[in-house]
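Here's the structure we're looking at; comments come further down.
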Amino acid sequence: MKGTASRKVDIEGGLPASRLGLEALEGLLLLGYTLTHKPITDCAHTLNRHVDGLFAFFDHRITSAGAEGLNSRIQAIRVSARGYRNRENFKTAIYFHLGLLPPRRP
Numbered sequence: 063m064k065g066t067a068s069r070k071v072d073i074e075g076g077l078p079a080s081r082l083g084l085e086a087l088e089g090l091l092l093l094g095y096t097l098t099h100k101p102i103t104d105c106a107h108t109l110n111r112h113v114d115g116l117f118a119f120f121d122h123r124i125t126s127a128g129a130e131g132l133n134s135r136i137q138a139i140r141v142s143a144r145g146y147r148n149r150e151n152f153k154t155a156i157y158f159h160l161g162l163l164p165p166r167r168p
């Protein structure tokens, strides 16, 4: 796996922290699937669907929060205008509201 040298290591066991987390998560998933309480099994299914993203965060400490925030602002611009005549006007509005509009050329 890429980046294994930079992973934190558990002092006592010598295992990478993400491997310890994987073992703990596997135990939780097994427990969640064996119990019959629906909210717990739903939680186990959700964790299982997102397990790659969870470990990617702990390995690299990178999230998509910046992109999600930018997308949210662009969607708010689109909704507040109730449509644009063409794509160029939409792009200009995005640049204007995000403060990225280039200065006019003389």
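In short: position in the sequence shown from 1, add 62, done, that's the working numbering. Heads up, the beta-carbon is just placed ideally off N, CA and C, and yes, glycines get one too. Note that the structure is a prediction, hence the values are computed from the model and not measured.
Query raised in the report: In three-state terms, what does DSSP make of GLY102?
Result: Inspection of the sequence shows that residue 102 is occupied by Ile rather than by Gly. It is helical.
Query raised in the report: Is the CB-CB distance between LEU109 and LEU90 below 8 Å?
Result: For LEU109 and LEU90, yes; Cβs fall inside 8 Å.
Query raised in the report: What distance in whole Å lies between the Cβ atoms of LEU87 and VAL113, which are believed to be in contact at a cut-off of 8 Å?
Result: 7 Å
Query raised in the report: Which first and last residues belong to the alpha helix (DSSP H) in which ARG123 is found?
Result: Premise fails: ARG123 is in no alpha helix (DSSP H) and is neither H nor E.
Query raised in the report: Would DSSP call LEU92 helix, strand or coil?
Result: helix
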